[in-house]
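Student:
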Amino acid sequence: MVILGIDTSCDDTSASVVEEGVKIRSNVVSSQEIVHHRFGGIVPELASRRHVEMIWPVVDEALRSAHITLEDLSAIAVCHGPGLIGSLLVGCSFAKALCFSKGIPLVAVNHLEGHVFSSFLDKFPDGAYGGNEDSAAPAFEFPFISLIVSGGHTSLYRVDGFGKYRELGRTRDDAAGEAYDKVSKLLGLGYPGGPVIDRLACEGDPEAVVFPRAYLPEGLDFSFSGLKTAVMNHLKESHPRGINDIAASFQQAVIDVLLRKTEWAVTREGIFRVTVSGGVGANSALRRELTLFAKEREIQLSIPAASLCTDNAAMIAAAGYHHVRAHKLARMDMNPVAYLPLS
Ligand code: KG4
Ligand code: ZN
Numbered sequence: 002m003v004i005l006g007i008d009t010s011c012d013d014t015s016a017s018v019v020e021e022g023v024k025i026r027s028n029v030v031s032s033q034e035i036v037h038h039r040f041g042g043i044v045p046e047l048a049s050r051r052h053v054e055m056i057w058p059v060v061d062e063a064l065r066s067a068h069i070t071l072e073d074l075s076a077i078a079v080c081h082g083p084g085l086i087g088s089l090l091v092g093c094s095f096a097k098a099l100c101f102s103k104g105i106p107l108v109a110v111n112h113l114e115g116h117v118f119s120s121f122l123d124k125f126p127d128g129a130y131g132g133n134e135d136s137a138a139p140a141f142e143f144p145f146i147s148l149i150v151s152g153g154h155t156s157l158y159r160v161d162g163f164g165k166y167r168e169l170g171r172t173r174d175d176a177a178g179e180a181y182d183k184v185s186k187l188l189g190l191g192y193p194g195g196p197v198i199d200r201l202a203c204e205g206d207p208e209a210v211v212f213p214r215a216y217l218p219e220g221l222d223f224s225f226s227g228l229k230t231a232v233m234n235h236l237k238e239s240h241p242r243g244i245n246d247i248a249a250s251f252q253q254a255v256i257d258v259l260l261r262k263t264e265w266a267v268t269r270e271g272i273f274r275v276t277v278s279g280g281v282g283a284n285s286a287l288r289r290e291l292t293l294f295a296k297e298r299e300i301q302l303s304i305p306a307a308s309l310c311t312d313n314a315a316m317i318a319a320a321g322y323h324h325v326r327a328h329k330l331a332r333m334d335m336n337p338v339a340y341l342p343l344s
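Structural data, given as structure tokens:
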């Protein structure tokens, strides 16, 4: 089964061709970083306009590099939410038009479901990899705990199978990636904040400033807005630490909370398999610490390659494969939804 995935949920225009839900034949992402960088965040109107310009070239490139044409497709899977409504509309309208005109089955995929299934990409049942050298574990079995850490979400799910998702906890305010982006703005580093803070933190002392960790011991929810405020207050002090130390100390506070909550979820559910995905999953220190954490506790861990943690359409095609197998096709009157919970 060959599926074309399309994702335009936020600020990246992406298209990908995936075979049998795991094998990536092409994966094209057109970043809008250059459009939004100077605003310190995403400007929704600019994002949708850019998607309109880029959608066809990106899809064309994905088909070409996979050496296929539209006639070879088993289905088109498009992300229909959650996300920015103007951005989602571009991908959904485009996918519907293609499916209608060519008679191709249409599948609507939740963006978060895509992040969950990104952990399956380029991994084969025998545990061999298809090119993601920095991935951390072999193919996966249900049930597992899925930690999604992105710019819009920070949530823990229990995944019992395709379509069987139960939210265990979520952020009550900022997502972890949002905290990176806001702290980056405070430090004058621009958007997106994750990659630059990741880099600076490598040169800093993670114990230089003791920023607060909101463990919220009553459950598996997260909170990162206090951490961002603590960084802001530290910057107002008469002698704040250097930027590398602040980046490293902030990042350590985020990582400590993510690890502790994941550990609680594993213990509470008695499931020793964990996947981590979403843009913050690309963070080098988080990947290092997660790998160590999993080894110490004998947890089977799967983190996709960094390029598959950040938004991409391969993950939409991977989840779309399961929709097709379950005969869950979308109708032509399907519309995108900005708020779309997974469970
Ligand atoms: O999953 P994603 O690409 O888009 C959403 O669905 O939100 O995640 C984007 C987020 C941004 O907040 C960005 O700053 C963060 O992921 N991010 C990182 C890294 N790369 C991207 N955060 C920490 N370290 C990174 N290396
Ligand atoms: Zn995402």
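Quick note, the sequence shown lines up with residues 2 to 344 if you use this note's numbering.
Here a beta-carbon is modelled for each residue, glycine too, at the ideal position from N, C-alpha and C.
Any idea what DSSP makes of Gly194, helix, strand or coil?
Tutor: Reduced to three states, the DSSP call for Gly194 is helix.
Student: Can you name, in chain order, every residue of its own chain whose Cβ lies under 6 Å from the Cβ of Leu47, other than the five neighbours on each side?
Tutor: Counting only Cβ-Cβ distances below 6 Å, and skipping sequence neighbours, we find Val36.
Student: Give me the Cα-Cα distance between Val267 and Trp57, rounded to the nearest whole angstrom.
Tutor: In a straight line, the C-alpha of Val267 is about 42 Å away from that of Trp57.
Student: Pro342: buried (16+ other C-beta within 10 angstroms of its C-beta) or exposed?
Tutor: Classification for Pro342: exposed.
Student: Please classify Cys80: does DSSP put it in a helix, a strand, or coil?
Tutor: Cys80 falls in the strand class under three-state DSSP.
Student: Rounded to a whole number of angstroms, what is the C-alpha to C-alpha distance between Ser17 and Arg26?
Tutor: In a straight line, the C-alpha of Ser17 is about 7 Å away from that of Arg26.
Student: Quick one, are the C-beta atoms of Val160 and Val117 less than 8 Å apart?
Tutor: Taking 8 Å as the Cβ cut-off, Val160 and Val117 qualify as a contacting pair.
Student: When the distance is taken between beta carbons, is Ser224 closer than 8 Å to Thr263?
Tutor: No.
Student: Does DSSP classify Thr70 as helix, strand or coil?
Tutor: Correct three-state label for Thr70: coil.
Student: Would you list the residues whose beta-carbon is nearer than 5 Å to any heavy atom of ligand 1, in the order they occur in the chain?
Tutor: Every residue passing the under-5 Å Cβ criterion appears here: Ser151, Gly152, Gly153, Gly178, Tyr181, Asp182, Pro193, Gly194, Gly195, Pro196, Asp199, Gly279, Gly280, Val281, Ala283, Asn284, Thr311, Asp312.
Student: In the DSSP assignment, find the unbroken alpha helix (DSSP H) run with Arg289 in it and report its ends.
Tutor: Element bounds for Arg289: 285-297.
Student: Measuring from the CB of His324, is there a heavy atom of ligand 3 at a distance below 7 Å?
Tutor: Only ligand 1 and ligand 2 can be found as ligands here, which leaves ligand 3 out of the picture.
Student: Taking all protein chains shown into account, do 16 or more other C-beta atoms lie within 10 angstroms of the C-beta of Ala78, making it buried, or fewer, making it exposed?
Tutor: Classification for Ala78: buried.
Student: Taking the continuous alpha helix (DSSP H) assigned at Asp246, which residues delimit it?
Tutor: First-last of the alpha helix (DSSP H) with Asp246: 244-270.
Student: Would you call the CB atoms of Pro83 and Tyr340 closer than 8 Å?
Tutor: Closer than 8 Å, so yes.
Student: Here's a check: name, in chain order, each residue in its chain whose Cβ is nearer than 8 Å to the Cβ of Met335, leaving out the five neighbours to either side.
Tutor: Within the same chain, Met335 has close Cβ partners His81, Cys93, Lys97, Leu107, Ala109.
Student: Which residues in the same chain have their Cβ closer than 7 Å to the Cβ of Leu201, if we skip the five residues on either side of it in sequence?
Tutor: Only Ile244, Asn245, Ala248 meet the Cβ criterion.
Student: Please tell me whether Ser285 and Asp199 are closer than 8 Å, where the distance is taken between their beta carbons.
Tutor: Closer than 8 Å, so yes.
Student: Can you tell which of Ser31, Ala67, Gly195 has its C-alpha closest to the C-alpha of Gly280?
Tutor: The shortest Cα separation from Gly280 among Ser31, Ala67, Gly195 belongs to Gly195.
Student: Contact defined as beta carbons within less than 8 Å: I believe Ser156 pairs with Gly178. What is the distance between those atoms, to the nearest angstrom?
Tutor: In fact, because the Cβ distance is near 12 Å, the residues do not count as touching under 8 Å.
Student: For a test of your reading of the model: does the CB of His37 fall under 7 Å from any non-hydrogen atom of ligand 2? Yes or no.
Tutor: No - ligand 2 has no heavy atom lying nearer than 7 Å to the Cβ of His37.
Student: Is Ile4 closer than 8 Å to Ala331 when the C-beta atoms are compared?
Tutor: No; because the gap between Cβ atoms is not below 8 Å, this pair is not in contact.
Student: State yes or no: is the C-beta of His116 nearer than 7 Å to some heavy atom of ligand 2?
Tutor: Under cutoff, so the answer is yes.
Student: I'd like the list of long-range same chain contacts for His235, defined as Cβ closer than 8 Å, with 5 residues on each side in sequence excluded.
Tutor: For His235, where only same-chain residues beyond five positions count, the Cβ hits under 8 Å are Val210, Phe212, Pro241, Arg242, Ile247.
Student: Out of curiosity, what's the CA-to-CA distance linking Tyr130 and Leu122?
Tutor: Confidence at Tyr130 is low in this model, with a pLDDT of 41, below 50, so its placement is unreliable and the value that follows should be read with caution. So the alpha carbons of these two residues sit roughly 9 Å apart.
Student: Out of Ile69, Arg298, Leu228, point me to the one whose CA is closest to Ala254's CA.
Tutor: Residue Leu228 is the option with its Cα nearest to Ala254.
Student: Can you have a look at Asp73 and say buried or exposed, based on whether 16 or more other CB atoms are within 10 angstroms of its CB?
Tutor: Classification of Asp73: exposed, given that the 10 Å Cβ count is below 16.
Student: Could you give the residue range of the beta strand (DSSP E) that holds Leu5?
Tutor: Its beta strand (DSSP E) spans residues 3-8.
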